[in-house]
Structures are given as structure tokens and as C-alpha cells.
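S.K.: Protein chains in written order, with my numbering: chain A, 1 to 472; chain B, 1001 to 1103.
We put the CB at the ideal spot given by N, CA and C, even for glycine.
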């Protein structure tokens, strides 16, 4: 059999398995098998690629043994490290891990572009243009994702706020695009130093583009870079005449773009707003004084009130996950259910750090997904709820988003927890939310604050209910 | 007759790109919000296929510079693919319905 035929057939199979796998991943029932299907496609494609060794370019033949050794070492090292790190990362840290792996993909696409350009291999015209474009997008995705990872992981705490930053970035991008156009215009025959400058500036641009963006917007940015990497991979696939890269890259490019738009929409912001304006930079003034005061309540009292309620809705936020309180919370929920209380979870589209992140965190604690409801499905039910309990969430339940036009979060859809008869807010202290906005909900007459670490609070609540049921 | 790889340029490439873009759009368009994070992670895994391109580039490298860049490319690509897989699988593994009914 002809090696080229085996490679092409394997790529066809891989492309099919990727699309089929992604399709299966789009329903909770079949999702688990979807990633396995796609994984098989990846293994097939990588194994088939070693048949390349049978037919390498003339100039590379003397180096083939070295290259194969290098390839195996790089594969094993990359795979080993990623497998190890992916297995041990905590569920709460998932978003930054996705950012990190995504950046690596962008880097790999940029590396392909670099080899093509420094080796003067890309064909002049469309191929060269896409090699340059893929190199640019891949580089931006690499450095941008690394910054996003650093910010979410708490390694970078600074948010760059510079007057005229947009003008600087605009100039920078113009210079990079100009360099790229120069490379294409000259058919790739340009000094290596110029190519190096092109890649260095592209990497720098990724940093400059991401630094001004605040942590709350990072999920949208990660999703955008995910789409970027997909595009870069698709373009480099064209350069290498590799349909598997072209198809997989473009599928991810468009799926990622749509996902980015959905996320931005859930936060009621446009993508350009996320990228080019600083969240929370404006609007600190004119928020108006909030009437009322925060009323603390004992965790045990709150728990007993819930035990005798008929319907309780829980609005969890990232604070729940940070305190690792999901498991204790579910234990408490089961006690309430045993006592005949109807319990539902209400998930804001951006609860956690990414859309769907909170669902993953709850699923980890064993909460079945059919008592977890999306915001649109449950918002009408808060009126009927005896108790709404907010745990570690803030901006997503702030009524200011509905009423206060001067608030930076005005217009963002929120969970209507304030419509419940009684609201409990479990919170570590009196601080503001991620957006830095004061929360009116905490000052309302029907709201009581339960101060403390979410996990400790849940333990106290469990004990209160248990002692009650054990004592009669 | 000896099999040779089809060169995908011009409109053929354009067709591939267009159909692939629609495919991605359609698959994500009807997804419940609870799967957004796993799907982002899953699509992140799928562009890990870039490792295959990096492999080709490294195997055809003829200078130390190309070998170095190729090595880094394969390393990063393999990390993307393997990490993306593990993380996605861990997330999806946890999606279980209540015992009483199936979702």
C-alpha cells in the first residue's frame, strides 16, 4: 500500500471522528463518549503522521534520524506533562488550564509558520499569505492565552491601564500587518531578522491586547483565543496541504467564534466592548447612596428556616467553588430534600469563571443535572420560592443591573433572587463583587447576610438541621 | 496507478473552509449553556491536531534552527492535544442525571 494513501485516509477518518465527536459533545447524554470518539481520531492522525518519515524532503534526508528522535522526545514530553498536569488540576482551575493548553496550540501553529517562513518553504501567493496570517494569529493566541492564564491563576494581578493604550496597540498592529504584507509582497524572500521582528512583535501584541482586560472578562477572551488558535491551525493546514488541519481548525474557528459571541451576550457586552474598553474603569461615581443596612443572621437559624420552607432556590457563584463548599452544600441539599423541601439550583450564564463552569463544579460534587436550571428557565420561579440562598455570588444577583443606569453592570441579565420571600446571602465579608460594584440586594429588607467561609457555613447549617431532626 | 495526494488549493480549499465553518457553527448553535465550558475545552482539544502539522514540519527540518522550532512546535502541539483531552474528559465524566429519570 501507498503511504500517502494511508495518511490521507487516516486524516479523512480523523476529520470525521472530530466532527462526530464534537456533535456528541453537544448533548449532556452523549457528551462523555464524544470526547473519546474525538480522541480516537487524534491517535489515528498522529500515528499515521509517522509515515511521513518514508518520504521527506531532499534537504531533510540526512537529518531524518535526529528529527525522528526529536519528534518522539517532544511528543512524549508534551503528552506526559499535559496528561500529568491535566489530571491533577482542580476543577476550579479548569478555565486557566484550558487557556494554557490553548496557548500551546497557538504556539504550535506559530512554530509551523516560523519553519515555513525561516526555511523559505511556503509557496508565494495565497499559501505565503496564510502562513504569515496564521503565524500572526497563532503568536497572539500564544502570548495572549499565557497572560489570561496568569491572570486567572492569580499570578498576574495588575490590570494595565494606560492613557492612549488603544492608540499604541493600533500602531503596533499596523506595523505588524505592514511587516507581514512586506513578507508576502516579496514572496517570502526577506531577511531572517525581519521575520524574527514580525514574530516578536506579534507575541508582544498578544500581551498588550490582554493586559488591560479585567479578570471578569477573561472567559470571553479565552474563548476568543480558542477561536484564534483554530483559525491559525486551519491556515497552516492550507500551507501544509493538510486537510485534517484545515477542517479541524476551521470547525473550531467558527465554533469558537460563536461560543465567544454567546458568552459575551450572556454578560450583556459586545466582544469589542470587552477587548477595547476597561470594565469598571468608569461608573464609580454616580452610583447613588444605597438605603438600608446589612442585617447579619446566624447560619443555624437560616438553615432551620430553610428546613421548614417548601421551596428553596440556590444561586451559587465562584465564591462557593473557591471555598470548596460544593460537597457540603449538596449534603445540606439532600437533608432538605429528605425533609420534603423542593430544592433547585439557579445558574447564571456566567456563574463561575466561564459559562457552564458552575455546572461542572456542581456536577463534581454529585449534584444531578436535572435539578440545575439555567437562568431563563428559573427566573420566573423566584416569586414562588420561600427562600433564595446566594452562596459566593454577587454581581449576578445585583438588582442594580435592572434599575441603575449609571452602574457598569446595568443591562446584564441577573437572577431574580430579590423576588423570593426571604433571601440569605452567604458571604465571606462585606466586600464588593468582581466588578467592584456595591450590591443593593444586601441592603434589602428581605435579605439577611450569613457571614463566614462558605464551607464552614454549610457545616453549621448541616449540624443545625441534623440536631433538629435528631432531637424530636 | 500510483496514488498521489490531491493538492488542495484555490476553490477546493475555499469549499473546505466554508463547509467546515458552517459545520462548527451548526454544532455549537444548539448547545445548552451547561455544556459551554466542556465544549470550549473539547474544541480546544480538537485544534490540538496542529501537532500533526508540527510533526511534518519537524521531520522535514534541515537546519538546527528549523529543528529547534519544530521541536518546540511538536512539544506545544502534543501538550495542547493531551491536556485538552484529559481536561475535557474529566469535565464530561461528571455529567450524570438523577437516578430517577434520564436527562
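Using the three-state DSSP reduction, which class does residue 413(A) fall into: helix, strand or coil?
M.R.: Here residue 413(A) refers to the residue found at position 413 when the first chain is read from its first residue. Three-state DSSP puts residue 413(A) in coil, outside helix and strand.
S.K.: Considering Cα atoms alone, identify which of 176(A), 230(A), 337(A) and 440(A) is closest to residue 469(A).
M.R.: Within the first chain, the letter at position 469 stands for residue 469(A). Of the candidates 176(A), 230(A), 337(A) and 440(A), the one whose C-alpha sits nearest the C-alpha of residue 469(A) is 337(A).
S.K.: From what residue to what residue does the alpha helix (DSSP H) around residue 297(A) run?
M.R.: By one-based count along the first chain, residue 297(A) stands at place 297. Careful: residue 297(A) lies outside any alpha helix (DSSP H) and carries neither H nor E.
S.K.: Would you say residue 360(A) faces chain B, with C-beta separation under 8 Å as the test?
M.R.: What you label residue 360(A) is simply residue 360 of the first chain in a count that begins at 1. It does: the Cβ of residue 360(A) has a partner Cβ on chain B nearer than 8 Å.
S.K.: Looking at the structure shown, is residue 447(A) part of a helix, part of a strand, or coil, going by DSSP?
M.R.: By one-based count along the first chain, residue 447(A) stands at place 447. The answer is strand: DSSP assigns residue 447(A) an E or B state.
S.K.: For residue 153(A), does the three-state DSSP call read helix, strand or coil?
M.R.: By 1-based counting over the first chain, the position of residue 153(A) is 153. Residue 153(A) falls in the coil class under three-state DSSP.
S.K.: In the DSSP output, what is residue 422(A) paired with across the bridge?
M.R.: Stepping through the first chain from its first residue, residue 422(A) is reached at position 422. Its beta-bridge partners are 387(A).
S.K.: What three-state label does DSSP hand residue 315(A) in the structure shown?
M.R.: If you number the first chain from 1, residue 315(A) lands on position 315. If DSSP states are grouped into helix, strand and coil, residue 315(A) belongs with the strands.
S.K.: Take residue 112(A) and list the residues in its own chain whose beta-carbon comes closer than 6 Å to its own, dropping the five residues that flank it on each side.
M.R.: For the purposes of this step, residue 112(A) is identified with residue 112 of the first chain, where counting begins at 1. Cβ neighbours of residue 112(A) beyond the five flanking positions: 236.
S.K.: Does the beta carbon of residue 115(A) sit closer than 8 Å to a beta carbon anywhere in chain C?
M.R.: Within the model displayed, chain C is absent; protein chains A and B are what it includes.
S.K.: Looking at the structure shown, is residue 158(A) part of a helix, part of a strand, or coil, going by DSSP?
M.R.: Sequence index remark: in the first chain, residue 158(A) carries index 158 (1-based). Correct three-state label for residue 158(A): coil.
S.K.: State buried or exposed for residue 185(A), treating a residue as buried only when at least 16 other CB atoms are found within 10 Å of its CB.
M.R.: One-based indexing of the first chain puts residue 185(A) at position 185. Exposed, by the Cβ-count rule.
S.K.: Any beta-carbon of chain B closer than 8 Å to the one on residue 327(A)?
M.R.: Within the first chain, numbered from 1, the residue matching residue 327(A) stands at position 327. Not closer than 8 Å to any Cβ of chain B, the Cβ of residue 327(A) fails to qualify, so no.
S.K.: If I measure Cβ to Cβ from residue 212(A) and keep anything under 8 Å in the same chain, skipping five residues before and after, which residues do I get?
M.R.: In the first chain, counting from the first residue as 1, residue 212(A) sits at position 212. Correct list, in chain order: 159, 160, 161, 162, 165 and 278.
S.K.: Near residue 145(A), which residues of its chain fall below 6 Å by C-beta distance, leaving aside the five closest residues on each side in sequence?
M.R.: Mapped onto the first chain, residue 145(A) falls at position 145. The answer, listed in chain order, is 99, 102, 103 and 225.
S.K.: If you run the structure through DSSP and keep just helix, strand and coil, what is residue 112(A)?
M.R.: Stepping through the first chain from its first residue, residue 112(A) is reached at position 112. Three-state result, residue 112(A): helix.
S.K.: Name, please, each residue of chain B whose Cβ falls closer than 8 Å to the Cβ of residue 395(A).
M.R.: Counted from its first residue, the first chain places residue 395(A) at position 395. Going along chain B, no residue has its Cβ under 8 Å from residue 395(A), so there is no contact; the nearest lies around 17 Å.
S.K.: Use the C-beta contact count for residue 1067(B): other C-beta atoms within 10 angstroms, 16 or more gives buried, fewer gives exposed.
M.R.: As a first step, residue 1067(B) must be located in the second chain, where it is residue number 67. Buried is the call here.
S.K.: Nearest chain B C-beta to residue 12(A) closer than 8 Å, yes or no?
M.R.: The count along the first chain starts at 1 and reaches residue 12(A) at position 12. So, not an interface residue.
S.K.: By the criterion of Cβ-Cβ separation under 8 Å, what are the contact partners of residue 23(A) in chain B?
M.R.: Here residue 23(A) refers to the residue found at position 23 when the first chain is read from its first residue. In chain order: 1027.
S.K.: Report the rounded CA-to-CA distance for residue 473(A) versus residue 1085(B), giving the unit in angstroms.
M.R.: Any question about residue 473(A) goes unanswered here, given that chain A covers just 1 to 472.
S.K.: Mind checking who residue 346(A) pairs with in its DSSP beta bridge?
M.R.: Within the first chain, the letter at position 346 stands for residue 346(A). According to DSSP, residue 346(A) bridges with 373(A).
S.K.: With DSSP collapsed to three states, give me the class of residue 427(A).
M.R.: Here residue 427(A) is taken as the residue at index 427 of the first chain, counted from 1. If DSSP states are grouped into helix, strand and coil, residue 427(A) belongs with the strands.
S.K.: Do the CB positions of residue 411(A) and residue 1021(B) come within less than 8 Å of each other?
M.R.: Stepping through the first chain from its first residue, residue 411(A) is reached at position 411. Stepping through the second chain from its first residue, residue 1021(B) is reached at position 21. In this structure, residue 1021(B) does not lie closer than 8 Å to residue 411(A) by Cβ.
S.K.: At a CB distance below 7 Å, what residues from the region 291 to 323 of chain A approach chain B? Give them in sequence order.
M.R.: Going along the region 291 to 323 of chain A in chain order, one finds no residue with a Cβ nearer than 7 Å to chain B.
S.K.: Verify whether the separation of the beta carbon atoms of residue 439(A) and residue 398(A) is less than 8 Å.
M.R.: Numbered from its first residue, the first chain carries residue 439(A) at position 439. Numbered from its first residue, the first chain carries residue 398(A) at position 398. Against a cut-off of 8 Å, the Cβ pair of residue 398(A) and residue 439(A) comes out as a contact.
S.K.: Do you know how far the Cα of residue 1027(B) is from the Cα of residue 1037(B)?
M.R.: Here residue 1037(B) refers to the residue found at position 37 when the second chain is read from its first residue. Here residue 1027(B) refers to the residue found at position 27 when the second chain is read from its first residue. Distance between the alpha carbons of residue 1037(B) and residue 1027(B) is about 15 Å.
S.K.: Could you list which residues in chain B have their beta carbon closer than 8 Å to that of residue 18(A), in chain order?
M.R.: For this step, residue 18(A) is matched to residue 18 along the first chain. Those are 1046 and 1049, listed as they occur along chain B.
S.K.: What is the residue span of the alpha helix (DSSP H) that residue 360(A) lies within?
M.R.: Counting from 1 along the first chain, the entry for residue 360(A) is found at position 360. First-last of the alpha helix (DSSP H) with residue 360(A): 357 to 364.
S.K.: For the region 377 to 391 of chain A, list every residue whose C-beta sits within 7 Å of some C-beta in chain B, in sequence order.
M.R.: Flagged: no residues at all.
S.K.: Should residue 94(A) be labelled buried (16 or more other beta-carbon atoms within 10 Å of its own) or exposed?
M.R.: On the first chain, position 94 is the one that residue 94(A) refers to. Looking at its Cβ environment, which holds 16 or more other Cβ atoms inside 10 Å, residue 94(A) is buried.
S.K.: Whole angstroms is fine: what's the gap from residue 282(A)'s alpha carbon to residue 405(A)'s?
M.R.: Locating residue 282(A) in the first chain gives position 282, counting from the first residue. Locating residue 405(A) in the first chain gives position 405, counting from the first residue. Its pLDDT being 39, under 50, residue 282(A) is placed unreliably in this model, and the coordinates cannot settle the point.
S.K.: Strictly under 8 Å for the Cβ-Cβ distance: is residue 407(A) near chain B by that measure?
M.R.: Start at 1 with the first residue of the first chain, and residue 407(A) comes out as number 407. Taking Cβ atoms only, chain B never reaches closer than 8 Å to residue 407(A), which makes this a no.
S.K.: With 16 other CB atoms within 10 Å as the buried threshold, where does residue 157(A) fall?
M.R.: The residue given as residue 157(A) occupies position 157 in the first chain. Exposed, since its Cβ has fewer than 16 Cβ neighbours within 10 Å.
S.K.: Quick one: does residue 2(A) have its CB under 8 Å from some CB of chain B?
M.R.: Numbered from its first residue, the first chain carries residue 2(A) at position 2. Answer yes: the Cβ-Cβ gap between residue 2(A) and chain B drops below 8 Å somewhere.
S.K.: Anything in chain A within Cβ reach of residue 1011(B), meaning under 9 Å, just list it in chain order.
M.R.: As a position in the second chain, residue 1011(B) is number 11, starting the count at 1. Here the premise fails: no neighbours, minimum Cβ distance about 11 Å.
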